[in-house]
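Let me begin by presenting the structure, written as structure tokens, before commenting on it.
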Amino acid sequence: DIYTTAATEGFENIVPAVICAHHEHTTTLRLGADGAGQEVSVMRTHHAPQDRVLVGIPAHDILVATSRIRGISARNYLSATILEIKAVDHKQIVTVHLDRTRAPTIVIELTGDAVEELILTPGSDLWLIAKSSSITVYE
3 DIYTTAATEG FENIVPAVIC AHHEHTTTLR LGADGAGQEV SVMRTHHAPQ
53 DRVLVGIPAH DILVATSRIR GISARNYLSA TILEIKAVDH KQIVTVHLDR
103 TRAPTIVIEL TGDAVEELIL TPGSDLWLIA KSSSITVYE
């Protein structure tokens with residue numbers, strides 16, 4: 003199943019997105035096949051604005067916070083709601099929804115200590131944090 007695969011072999015979330023704009027060092031895109039989801043910053047790409055792409059976000063590269071953090075180098079903060087937490091081996095596989103109506107679910111790999119200390123439970127709102135360089139844009 004996906005939980006065992008995520009815990010033992012790693013897992014990359016693949017999400018449709020639409021390119022919005024280019025900046026000096028980064029490219030901005032919006033998640034979702036229609037580009038109506040949350041905004042994400044990635045390392046600058048060659049894709050044209052309005053191009054539809056897929057982005058990959060490794061489950062083990064996503065940080066979680068219960069409130070928005072200031073003064074951090076990561077460019078991407080995504081609001082999310084926990085759908086499920088499942089223990090697999092010594093890891094906690096957390097499934098979240100970025101947007102209750104459109105966006106796909108995202109799988110995150112956390113330690114049991116993190117889940118306990120942050121008091122994460124299904125239904126909890128949280129922030130996902132990812133560096134621009136942790137997100138891969140696919141053709």
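So for the sequence shown, the working numbering puts the first residue at 3; every next one is plus one. Backbone N, C-alpha and C fix where the C-beta goes; we use that ideal spot for every residue, glycine too.
Identified DSSP bridge partners for residue i
{"i": "residue 41", "result": "32"}
{"i": "residue 127", "result": "83"}
{"i": "residue 88", "result": "95"}
{"i": "residue 18", "result": "56"}
{"i": "residue 111", "result": "95"}
{"i": "residue 76", "result": "Answer by DSSP bridge pairing: none, since residue 76 is not bridged."}
{"i": "residue 132", "result": "78"}
{"i": "residue 138", "result": "58"}
Residue i - DSSP class collapsed to helix/strand/coil
{"i": "residue 67", "result": "strand"}
{"i": "residue 58", "result": "strand"}
{"i": "residue 101", "result": "coil"}
{"i": "residue 81", "result": "strand"}
{"i": "residue 119", "result": "helix"}
Buried/exposed call for residue i, threshold 16 Cβ in 10 Å
{"i": "residue 73", "result": "exposed"}
{"i": "residue 95", "result": "buried"}
{"i": "residue 39", "result": "buried"}
{"i": "residue 77", "result": "buried"}
{"i": "residue 29", "result": "buried"}
{"i": "residue 64", "result": "buried"}
8 Å Cβ cutoff met for residue i and residue j
{"i": "residue 111", "j": "residue 88", "result": "no"}
{"i": "residue 51", "j": "residue 82", "result": "no"}
{"i": "residue 100", "j": "residue 33", "result": "yes"}
{"i": "residue 137", "j": "residue 55", "result": "no"}
{"i": "residue 130", "j": "residue 66", "result": "yes"}
{"i": "residue 139", "j": "residue 49", "result": "yes"}
{"i": "residue 128", "j": "residue 68", "result": "yes"}
Beta carbon proximity, residue i to chain D, threshold 8 Å
{"i": "residue 61", "result": "In summary, chain D is missing from the structure at hand, where a single protein chain is found."}
Whole-number beta carbon distance between residue j and residue i, since they are thought to touch under 8 Å
{"i": "residue 108", "j": "residue 58", "result": "Not really, about 11 Å apart at Cβ, beyond 8 Å."}
{"i": "residue 12", "j": "residue 62", "result": "6 Å"}
Residue i: CB within 7 Å of a non-hydrogen atom of the ligand FAD
{"i": "residue 32", "result": "Annotation note on the ligand FAD: not contained in the displayed structure, which lists no ligands."}
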